[in-house]
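Structure, as structure tokens:
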Amino acid sequence: MKTFFQNPRVQRSGRTALILLLIIVMTGPEGSGTQPTAGFTGSFGNHMSFFGLFYPQRWVVFLLLTLIVVGLTSLVKMAHRWWIERQRAGNNAVARVAKTLAATKQRARHRSTRLSLYAVALAFALYFPHLVTDQSWQTLVVQDVLVYLLLALGLNVVTGFAGLLDLGYVAFYAIGAYTTAWVTGSLPTPPPFGVHWNTFVAIPVAIVFAMLCGVLLGIPTLRLRGDYLAIVTLGFGEIVYLFINNSYGITGGSTGTNQIPFLSFHLGPIKYLWGLIPEPYYYLTLAFVVIFLLAFSSLEHSRVGRSWVAIREDEVAAESLGIHPLKYKVMAFAIGAASAGFAGVVTASQTLFVTPPTFTISFSINILVLVIFGGMGSIFGVVLGGLVVQGFVAYLTHSPPSIYNAADLYMYLGALLVVMMIYRPAGLFPSRRRRREVSQVEAGTAPDTLQVEIGAHRVQEDV
Amino acid sequence: MSYFSSHFATLGHEFWGLLVGGIANGFIYAMVAIGYTMVYGVLRLINFAHSEVFMTGAFASFFLLKFLVGNSTPNAFESVVYLIAAVVIGGVVGALVALLLERVAYRPLRRRNAPKLAYLISAIGASYFLYNFVGKEFGRINLSIDAPYTNNTVFTIFGATVQTYYIVIFFVGVTMLVALDRLVATSKLGRGIRAVAQDAETASLMGVNIDRTIALTFMLGGFLGGVAGFLYSIPVGAVYGMGFTPALKAFSAAVLGGIGNLRGAVLGGLILGVVESLSVAFVSGAYIDVVAFGVLVLVLLVRPTGILGERLGRSA
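In order, the protein sequence lines correspond to chains A and B.
Under this note's numbering, think of the first position of the first sequence as 6, with each following residue one higher.
Under this note's numbering, think of the first position of the second sequence as 70, with each following residue one higher.
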């Protein structure tokens, strides 16, 4: 009996079955305190369409789907094995194809190829509003995808480049949004110099404000170890939330404010107003995303970026080479904070209102998911990951399928984090450096500044 | 000047009442802090998902008490039996959830010797998954617990009334903490835990089963966490997001006492509970949660090893 359970194939099937059960319950109906089993029983008993072909009970649908997935993966595995064997055997046709593939891969690394790819992507992004003319979709793309991308790019500097887990990132976003409200005179607090400033004025003010807060929070806390930093930033995010939610005289309290003007400028004869129509905001935010992309990717390979990587990989060694860790960590923190503050301005001016529920800690987790999913430290990965995850979320928000409930978003995001950490800790599209780093740490050939003792727990067992 | 003098007057007026409430809260924080500190002791990492252990314990007891008590008014004997049953079920479910966490969110990473950041992220993910899952299955509203006793005033001390609730917390808390202390100090399992905390590799060479010890450490911490969740939820009810704030405070307590140090966690919990309770006189209600966090930052800046120091594994 014992050997039966130790059989890897049995274990694998058991795991698959458990995951299947979990997915069935996760996508099932809601329960309640008075009917605690309603969620579970409904998950199995209810009927559900199987691609519109027939209408069996839910568990049958999921079982069939699992069989399809398992079948497909084993097919792919078999094909892969066949492919490798053929290649090894020197089969001409296969070898030729493999060679071409390798050459394509090589070319993809080439600068000109990459640039043309970027150009195509940019052209597509510019053409996008003409492709998707539905305004509710466009609004979603601005609010749920592009703004999140801005935030993810900023968090990537902190968590990806410098390796600092900042769970209170949302606080800087809130600071940006509330600064906008303050500068434009939409808060109970009178605006600076009693003037209702143009929203564009809010951009530098919010950036400076968020940056200042980042520096002020960073200088004392960035000396701490990585896990303490995570908790302290978490607490900071919670404090900012409590503040904006409770100080009615300053921030409008739990109702927030809804008086923020759209972005607009009139310099003499040139006038423009970004209004309710999402398209102008789309282009504006897209421009900001591109600017962020360019700025951060040049930062990545600059002296500062290399210092971050050095600190992330081995703080002691970096310090011995003359890199001042605290200085660079605070810098990363400030840059992250500034980008979050900036995103706050964009959101506040586009949605016209700011309310505390937007700025709960969960929001930081959402941004963290984007960074982790794409690949910490890889700008390309973060953009792609952000597009995939937030695009999917936007789709779910726009036209939710019957098995999805918007309140469950964070359940799925949390599960995604765990799954990523178990199977792809470096993210789906990691930078080469990061991937090497993770594999080195796992092989025990590189020191991990964040971890000193875990290495002692490597258990020699054949898994 | 007048600001403080008036606040001190309030404090003087209500000191004993606040103290009693603070100690009661302190026991709850101490029991949760034990979970953080034990896991930190053996793995050197913060179990971010411990707040969900706390929450699930409360839910388990809620359902049991709803089944046992319902609308009836239990007599004295039934009260005690129901209370013990609720404590046990809260603890057992907490321990099971902690075990599950270890198996799913930690062990695969441990096998791979993953970087520490990965553990933190995986635990955060597990925490978000768990509490939203519970919210989905059991509703997202506050469920008020059917207390198995009536909350009478048992006696007064310096004008402060001590209710049944405080007595319950005191008895359960002291029993749990003493039992755990003895368990870790004297039993074979406790010796294993201390050995792993000191030096895992050597411990494994000496025949300590590391996987088992780590799992049991999670379970012990989870048991106390689950019970604490039940005690916490008696007056305020159980809700899916209830774990976040108390857990953050308990973590502060663990750091305050010296993380990795069992008695430090108890001391830190009690101090934090009392300080927080007394600060009611100075801080308005909405910002009361900030106090614990301020304590945490202060400790980390001034004395990161805590009051009793990080006595990892040396003794209970």
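Beta carbons: idealized from backbone N, C-alpha and C, even for Gly.
Exercise. What are the complete alpha helix (DSSP H) segments, minimum 4 residues, inside the stretch 385–426 of chain A?
Worked result: Qualifying alpha helix (DSSP H) stretches: none in this window.
Exercise. In chain B, what lies closer than 7 angstroms to A411(A) by C-beta?
Worked result: Indexing the first sequence from 1 puts residue 411(A) at position 406. Neighbours of A411(A) on chain B: none; closest Cβ ~12 angstroms, over 7 angstroms.
Exercise. Going along chain A, which residues have a C-beta under 7 angstroms from R181(B)?
Worked result: In the second sequence, the residue the question calls residue 181(B) occupies position 112. For a Cβ distance threshold of 7 angstroms, residue set E447 of chain A lies close to R181(B), ordered along the chain.
Exercise. Given a threshold of 16 other Cβ atoms within 10 Å of its Cβ, counted over all protein chains shown, does Q148(A) qualify as buried or as exposed?
Worked result: The residue labelled residue 148(A) in the question sits at position 143 within the first sequence. By the 16-neighbour rule on beta-carbons within 10 angstroms, Q148(A) is buried.
Exercise. Under a three-way DSSP split, which group does I115(B) fall into?
Worked result: Position 46 of the second sequence holds residue 115(B). For I115(B), the three-state secondary structure derived from DSSP is coil.
Exercise. Any idea if Q232(B) is buried or exposed, counting beta-carbon neighbours within 10 angstroms, 16 or more meaning buried?
Worked result: For the purposes of this step, residue 232(B) is identified with residue 163 of the second sequence, where counting begins at 1. Buried.
Exercise. Using 8 angstroms as the Cβ pair cut-off and three pairs as the minimum, do the stretch 23–42 of chain A and the stretch 204–213 of chain B touch?
Worked result: The stretch 23–42 of chain A, when compared against the stretch 204–213 of chain B, does touch it at the 8 angstroms Cβ threshold.
Exercise. Comparing alpha-carbon positions, which option in L418(A), T363(A) and L392(A) lies nearest Y178(A)?
Worked result: To locate residue 178(A), count along the first sequence from 1; it is residue 173. Nearest of L418(A), T363(A) and L392(A) to Y178(A), Cα basis: T363(A).
Problem set entry | Neighbourhood of Y200(B) by C-beta, 7 angstroms cutoff - its chain only, sequence neighbours within 5 removed | Counted from its first residue, the second sequence places residue 200(B) at position 131. Excluding positions up to five away in sequence, the list reads E121, M124, Y309, G310 and G312.
Exercise. For K276(A), which residues does DSSP report across the bridge?
Worked result: The residue given as residue 276(A) occupies position 271 in the first sequence. Answer by DSSP bridge pairing, in chain order: H271(A).
For this session: Would you decide whether Y233(A) is buried or exposed? Buried here means 16 or more other CB atoms lie within 10 Å of its CB.
Result: Within the first sequence, residue 233(A) is the residue found at index 228, counting from 1. Residue burial is scored here from C-beta neighbours: Y233(A) has at least 16 other C-beta atoms within 10 angstroms and is therefore classed as buried.
For this session: Flag this pair as yes or no: are the beta carbons of V188(A) and A157(A) separated by less than 8 angstroms?
Result: On the first sequence, position 183 is the one that residue 188(A) refers to. On the first sequence, position 152 is the one that residue 157(A) refers to. No; because the gap between Cβ atoms is not below 8 angstroms, this pair is not in contact.
For this session: Measure the Cβ-Cβ separation of V349(B) and V364(B) and say whether it is below 8 angstroms.
Result: By 1-based counting over the second sequence, the position of residue 349(B) is 280. By 1-based counting over the second sequence, the position of residue 364(B) is 295. V349(B) places its beta carbon 8 angstroms or farther from that of V364(B).
Exercise. Ordered along the chain, which non-local residues of its own chain (more than five positions away) have a Cβ less than 7 angstroms from that of L418(A)?
Worked result: Working through the first sequence from its first residue, we reach residue 418(A) at position 413. So the qualifying residues of the chain are I370, N371 and V374.
Exercise. Taking Cβ positions, are L170(B) and A118(B) nearer each other than 8 angstroms?
Worked result: Position 101 of the second sequence, counted from the first residue, corresponds to residue 170(B). Position 49 of the second sequence, counted from the first residue, corresponds to residue 118(B). The criterion of a C-beta distance shorter than 8 angstroms is satisfied by L170(B) and A118(B).
For this session: Let me know the alpha helix (DSSP H) ranges lying completely inside the stretch 166–251 of chain B, each 4 residues or longer, listed in chain order.
Result: Taken in chain order, the unbroken stretches of alpha helix (DSSP H) that lie wholly in the stretch 166–251 of chain B and span 4 residues or more are 176–181 and 185–207.
Exercise. Quick one: any contact between the stretch 387–394 of chain A and the stretch 151–166 of chain A, if contact means 3 or more CB pairs under 8 angstroms?
Worked result: The stretch 387–394 of chain A is in contact with the stretch 151–166 of chain A.
Problem set entry | F55(A) in three-state terms, based on DSSP | To locate residue 55(A), count along the first sequence from 1; it is residue 50. When secondary structure is reduced to three states using DSSP, F55(A) falls in the strand class.
Exercise. Taking 8 angstroms as the CB-CB limit, is S384(B) close to chain A?
Worked result: Working through the second sequence from its first residue, we reach residue 384(B) at position 315. Annotation note: pLDDT 46 at S384(B) (below 50); position unreliable, coordinate value reported separately. Contacts with chain A at 8 angstroms (Cβ-Cβ) do not include S384(B).
Exercise. Would you say I296(A) touches the ligand ADP, meaning its beta carbon is less than 7 angstroms from a heavy atom?
Worked result: The ligand ADP is absent from the structure shown, which contains no ligand whatsoever.
Problem set entry | W187(A): first and last residue of the uninterrupted alpha helix (DSSP H) it sits in | Position 182 of the first sequence, counting from 1, holds the residue named residue 187(A). W187(A) -> alpha helix (DSSP H) spans Y174 to V188.
Problem set entry | Exposure label - L331(A); buried when at least 16 CB within 10 Å | As a working note, residue 331(A) is residue 326 in the first sequence. With fewer than 16 other Cβ atoms within 10 Å, it is exposed.
Problem set entry | Contacting residues, own chain, Cβ-Cβ under 6 angstroms from L246(B) (five flanking each side not counted) | The count along the second sequence starts at 1 and reaches residue 246(B) at position 177. Non-local beta-carbon contacts of L246(B) in its own chain, meaning distances under 6 angstroms to residues more than five positions away in sequence, involve V335 in chain order.
Problem set entry | Span of the alpha helix (DSSP H) around Q5(A) | What the structure shows of chain A is the stretch from 6 to 468, and residue 5(A) is not part of that stretch, so it cannot be assessed.
Exercise. What residues match up with T262(A) in a beta bridge as DSSP calls it?
Worked result: Reading the first sequence from its first residue, position 257 is the one you call residue 262(A). Answer is V359(A), bridged to T262(A).
For this session: Please compile the residues from chain B whose C-beta is within a distance smaller than 9 angstroms of the C-beta of M416(A).
Result: Position 411 of the first sequence, counting from 1, holds the residue named residue 416(A). Those are Y197, F198, L199, Y200, N201, F202, G204 and K205, listed as they occur along chain B.
For this session: Work out the CA separation of R181(B) and V468(A) for me, nearest whole Å.
Result: Against the first sequence, residue 468(A) aligns to sequence position 463. Against the second sequence, residue 181(B) aligns to sequence position 112. Confidence at V468(A) is low in this model, with a pLDDT of 29, below 50, so its placement is unreliable and the value that follows should be read with caution. When rounded, the distance between both Cα atoms is 10 angstroms.
For this session: Just mark A124(A) as buried or exposed, buried being the case when its beta carbon has 16 or more other beta carbons within 10 Å.
Result: Here residue 124(A) is taken as the residue at index 119 of the first sequence, counted from 1. By the neighbour-count rule (16 or more Cβ atoms within 10 Å), A124(A) is not buried but exposed.
Problem set entry | N-terminal and C-terminal residue of the alpha helix (DSSP H) that Y233(A) is part of | Walking along the first sequence from the start, residue 233(A) turns up at place 228. Y233(A) -> alpha helix (DSSP H) spans G231 to N251.
Problem set entry | Residue-level contact to chain A via CB, I376(B), 8 angstroms cutoff | Along the second sequence, one-based indexing puts residue 376(B) at 307. No, I376(B) does not count as interfacial toward chain A.
For this session: Compare the beta carbon distance of A84(A) and Q92(A) with 8 angstroms and say whether it is the shorter of the two.
Result: Numbered from its first residue, the first sequence carries residue 84(A) at position 79. Numbered from its first residue, the first sequence carries residue 92(A) at position 87. No, the Cβ-Cβ distance between A84(A) and Q92(A) is not below 8 angstroms.
Exercise. Is M70(B) close to chain A, meaning its C-beta is less than 8 angstroms from at least one C-beta of that chain?
Worked result: For the purposes of this step, residue 70(B) is taken as the residue at position 1 of the second sequence. Its pLDDT being 45, under 50, M70(B) is placed unreliably by the model, and nothing is read from it.
Exercise. Is the CB of P315(B) under 8 angstroms away from at least one CB in chain A?
Worked result: Residue 315(B) sits at position 246 when you count from the first residue of the second sequence. Taking 8 angstroms as the CB threshold, P315(B) stays off the interface with chain A.
For this session: Could you tell me whether the stretch 180–196 of chain B touches the stretch 394–401 of chain A, where touching means 3 or more Cβ pairs closer than 8 angstroms?
Result: Contact fails: fewer than three Cβ-Cβ distances are below 8 angstroms.
Exercise. For the alpha helix (DSSP H) that contains W313(A), what are its first and last residues?
Worked result: Residue mapping note: residue 313(A) aligns to position 308 of the first sequence, counting from 1. Its alpha helix (DSSP H) spans residues R308 to E318.
Problem set entry | Other residues of its chain near V15(A): CB distance less than 8 angstroms, five sequence neighbours each side excluded | Taking the first sequence and counting its residues from 1, the one referred to as residue 15(A) is at position 10. Hits under 8 angstroms: F9.
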